[in-house]
Structures are given as structure tokens and as C-alpha cells.
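Numbering (the numbering used here), first residue to last: 2 to 83.
Below, the structure written as C-alpha cells:
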């Protein structure tokens, strides 16, 4: 549902891309498009390379879909208009 590419570190493969940043001890996946299994493995290796402890991202999809990759729901993003 994104309409623009966010700014951040960019990884590109023939099957997709990942825009990411770090915050404290966390690898933040800002935008990911393509093979979810590939990017899950990539994120694990990148976090290890950088000495990070967690991987986080937001989604508009049903979050239970990502539990097969070892993620768990730890909160919600709330938003409202002014």
C-alpha cells in the first residue's frame, strides 16, 4: 500500500528490495518487497553482522502471517486525524 519509497539504507535483489535503518539495538525494516523468506534470512544475517539484538517492522497485513518467520506481535501502531 505504500505510494513512495522511504529514505534509508537500500538492498536490492533481482526479486525485490529492502529499505532499512537501525535504532539502538534493532534492525528496522521500513519497506520490504519481494520474497519474504529471502528477506527474513537476509534480515537475520544483517542484524548479526551489525551486532543487533532484534528485528522490527510494521505491516498492514494480518500480523499472524509473519509468525511463520518467528515474529510475534508486541504492540500496535495507533493513528488518528487532527
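Heads up, the beta-carbon is just placed ideally off N, CA and C, and yes, glycines get one too.
Keep in mind the model is a prediction, meaning the values are calculated, not measured.
Would you kindly report the start and end of the unbroken beta strand (DSSP E) that includes residue i?
i	result
residue 10	10 to 14
residue 39	It is not in any beta strand (DSSP E) - residue 39 instead sits in the alpha helix (DSSP H) that spans 37 to 51.
residue 32	27 to 34
Would a C-beta distance cut-off of 7 Å place residue i and residue j closer than the cut-off?
i	j	result
residue 18	residue 34	yes
residue 36	residue 53	no
residue 41	residue 70	yes
Rounded C-beta distance between residue i and residue j? I'm assuming under 8 Å.
i	j	result
residue 30	residue 44	6 Å
What's the C-alpha gap between residue i and residue j?
i	j	result
residue 72	residue 50	19 Å
residue 55	residue 74	13 Å
residue 32	residue 61	12 Å
residue 23	residue 9	9 Å
residue 21	residue 28	7 Å
So, does the CB of residue i fall closer than 7 Å to a CB anywhere in chain D?
i	result
residue 20	Annotation note: the requested chain D is absent from the structure, which comprises a single protein chain.
Once you ignore the five residues that flank residue i on each side, which residues in its own chain have a CB closer than 6 Å to its CB?
i	result
residue 81	none
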